[in-house]
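Report on one structure; see the data block that follows.
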Amino acid sequence: MSTPLLQVRNLTKYFKARSNWYGRTTAHVSAVEDVSFDLHAGETLGLVGESGCGKSTTGRLVLRLIDPTSGSIQYDARDITSLQGEALRSLRRDLQLVFQDPYASLNPRMTVADILAEPLMLHGLVPPAKRAERVAELLRIVGLRPEHAKRYPHEFSGGQRQRIGIARALAVEPRLIVCDEAVSALDVSVQAQVLNLLRDLQRKLGLAYIFIAHDLAVVRHIADRVAVMYLGRIVEIAPTRQLFAQPRHPYTRALLSAIPVPDPGAARQRTILAGDVPSPIDPPSGCRFHSRCSFATALCSQAVPALEDGVACHHWRSLPAAAPLPQTASAAGPGAERLRRLQARFIDTAAYSQP
């Protein structure tokens with residue numbers, strides 16, 4: 059297999075939570091702990107988990123928007139963990155971010171033309187005389203019209219604003235884009251359109267994505283592999299089809315059992331977790347999930363499980379088989395095939411020129 063575009067090893071980030079009278083740290087938040095994964099060119103890695111589990115922090119660490127406490131980040135076989143100054147600035151071209159809120163991430167005082175021309179100017183990519191032409195090209199790429207360049211962000215719908223955010227990320231011709239909840243603020247129909255746009259751009263430009271989301275249906279649709287995070291750690295990472303068909307970690311099983319089913323009569327087997335998510339200021343010893351896991355033993359509270367064979371659990375090999383994902387009552391009925399065709403048509407052929 060080819061060398062990964064991105065290699066993350068033992069990435070850790072602590073934030074100061076409390077300090078004493080002398081300014082010394084007395085407590086810290088363990089936001090990301092010992093995270094490791096690879097990402098190849100043209101691949102999409104989904105990062106999923108509960109709010110506060112460290113997904114967005116991981117994405118920002120990879121982009122070097124915040125500095126890691128420890129660990130290493132290699133991009134294109136180059137260590138970028140401690141880059142500073144001009145070297146870090148030049149790296150920004152290759153690593154871009156699409157934000158969650160498509161309105162807050164755009165300057166309301168700037169026109170679309172100014173927003174898209176700004177990265178071109180900062181990196182000196184296009185001469186001033188050709189910037190308008192490049193802006194028009196970027197708008198066409200994301201399914202908008204060149205005349206939209208004269209408008210301000212408030213004159214667009216949510217889906218259109220997110221396309222502008224994607225166009226801004228594409229302006230510098232990156233190789234890796236972190237999509238931080240990029241479709242969570244959009245209507246379901248618009249989500250499908252933006253997802254189709256992202257997949258189309260990936261095929262045309264060979265982009266790699268880190269797709270951060272809490273919507274498992276969205277991740278299942280777009281990701282090649284999925285990494286499940288809990289309280290700052292990756293507890294399972296596997297190809298998407300394998301993870302959804304045979305989840306191995308107890309936390310992954312609980313997440314998948316919570317997927318809503320659009321059929322009130324469908325048979326369900328929910329896994330209800332006990333208690334609340336522990337505080338990242340004082341995480342549990344050993345396996346961080348042991349305080350909520352029904353399969354936990356004394357070993358789980360004493361030793362941190364290593365991420366082996368894509369799962370961080372001491373007992374995953376001896377666990378009972380995971381319950382199958384919920385199926386709707388109509389899944390085998392006479393109208394099931396027609397329903398599947400309609401769903402495929404909605405997801406795969408949604409036009410994205412007018413969100």
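In short: position in the sequence shown from 1, add 58, done, that's the numbering used here. Beta carbons are placed, not taken as given, at the ideal position from N, Cα and C, and that holds for glycine.
Between residue 265 and residue 284, how many whole angstroms is the CB-CB distance? I'm expecting something under 8 Å. Looking up residue 265 in the sequence shown gives position 207. Looking up residue 284 in the sequence shown gives position 226. About 18 Å; that fails the 8 Å criterion.
Can you tell me where the alpha helix (DSSP H) holding residue 279 begins and where it ends? By 1-based counting over the sequence shown, the position of residue 279 is 221. 274-280 is the span of the alpha helix (DSSP H), which, as asked, contains residue 279.
Would you mind stating whether residue 378 and residue 351 have Cβ atoms separated by less than 8 Å? Counted from its first residue, the sequence shown places residue 378 at position 320. Counted from its first residue, the sequence shown places residue 351 at position 293. Contact: no.
Just the C-alpha distance for residue 156 and residue 271, rounded to the nearest angstrom, thanks. What you label residue 156 is simply residue 98 of the sequence shown in a count that begins at 1. What you label residue 271 is simply residue 213 of the sequence shown in a count that begins at 1. So the alpha carbons of these two residues sit roughly 12 Å apart.
First and last residue of the uninterrupted alpha helix (DSSP H) at residue 67: As a working note, residue 67 is residue 9 in the sequence shown. No alpha helix (DSSP H) contains residue 67, which is instead part of the beta strand (DSSP E) from 64-77.
Meets three-Cβ-pair contact criterion under 8 Å: the region 240-256 and the region 213-225: yes
Starting from the Cα of residue 327, find the closest Cα among 318, 335, 334 and give me that residue. One-based indexing of the sequence shown puts residue 327 at position 269. Looking at the Cα atoms, 318 is the closest of the given residues.
Could you please give the first and the last residue of the uninterrupted alpha helix (DSSP H) stretch that includes residue 237? Counting from 1 along the sequence shown, the entry for residue 237 is found at position 179. Run containing residue 237: none in the alpha helix (DSSP H); it sits in the beta strand (DSSP E), 234-238.
My assumption, with CB atoms under 8 Å, is that residue 8 sits in contact with residue 89. Please give the rounded CB distance. One cannot answer for residue 8 here, as it falls past the ends of the chain, which runs 59 to 413.
Can at least three beta-carbon pairs, one atom from the region 183-190 and one from the region 252-263, be found at a separation below 8 Å? no
Would you report the Cα separation of residue 359 and residue 306, rounded to the nearest angstrom? Working through the sequence shown from its first residue, we reach residue 359 at position 301. Working through the sequence shown from its first residue, we reach residue 306 at position 248. Here the alpha carbon of residue 359 sits roughly 19 Å from the alpha carbon of residue 306.
Along the chain, where does the beta strand (DSSP E) containing residue 303 start, and where does it finish? Walking along the sequence shown from the start, residue 303 turns up at place 245. Here residue 303 belongs to no beta strand (DSSP E); instead the alpha helix (DSSP H) covers 298-303.
Length at least 4, wholly inside the region 131-170: the alpha helix (DSSP H) runs in chain order: 143-149
I'd like to confirm the pairing. Which residues does DSSP put opposite residue 85 in its beta bridges? One-based indexing of the sequence shown puts residue 85 at position 27. Residue 85 is bridged to 76.
With 16 as the cutoff for other CB atoms within 10 Å, does residue 411 come out buried or exposed? Stepping through the sequence shown from its first residue, residue 411 is reached at position 353. Low confidence applies here, because residue 411 scores a pLDDT of 42, under 50, leaving its location unreliable; read the following figure in that light. By the neighbour-count rule (16 or more Cβ atoms within 10 Å), residue 411 is not buried but exposed.
If you draw a straight line from the C-alpha of residue 132 to the C-alpha of residue 77, how long is it? Looking up residue 132 in the sequence shown gives position 74. Looking up residue 77 in the sequence shown gives position 19. Taking the straight line from one Cα to the other gives about 33 Å.
Start and end residues, alpha helix (DSSP H) containing residue 199: For the purposes of this step, residue 199 is identified with residue 141 of the sequence shown, where counting begins at 1. Taken as a continuous stretch (DSSP letters only), the alpha helix (DSSP H) holding residue 199 covers 189-199.
Cα-Cα separation between residue 392 and residue 108, rounded to whole angstroms: Numbered from its first residue, the sequence shown carries residue 392 at position 334. Numbered from its first residue, the sequence shown carries residue 108 at position 50. Reliability fails at residue 392, whose pLDDT of 45 lies under 50, so the model's placement of it is uncertain and no value is given.
By the 10 Å Cβ neighbour count, where 16 or more other Cβ atoms means buried, how is residue 314 classified, buried or exposed? Taking the sequence shown and counting its residues from 1, the one referred to as residue 314 is at position 256. When all chains shown are included, residue 314 counts as buried.
Indicate whether residue 151 and residue 232 have their beta-carbon atoms separated by less than 8 Å. For the purposes of this step, residue 151 is taken as residue 93 along the sequence shown, with counting starting at 1. For the purposes of this step, residue 232 is taken as residue 174 along the sequence shown, with counting starting at 1. Less than 8 Å separates the beta-carbon of residue 151 from that of residue 232.
Are there three or more Cβ pairs, one per stretch, closer than 8 Å when the region 164-184 is compared with the region 124-144? no
Which of helix, strand or coil does DSSP assign to residue 422? Since the first and last residues shown for the chain are 59 and 413, residue 422 lies out of range.
Use the C-beta contact count for residue 287: other C-beta atoms within 10 angstroms, 16 or more gives buried, fewer gives exposed. Working through the sequence shown from its first residue, we reach residue 287 at position 229. Residue 287 comes out buried.
Between the CA atoms of residue 94 and residue 141 - distance to the nearest angstrom: One-based indexing of the sequence shown puts residue 141 at position 83. One-based indexing of the sequence shown puts residue 94 at position 36. Roughly 19 Å between the two C-alpha positions.
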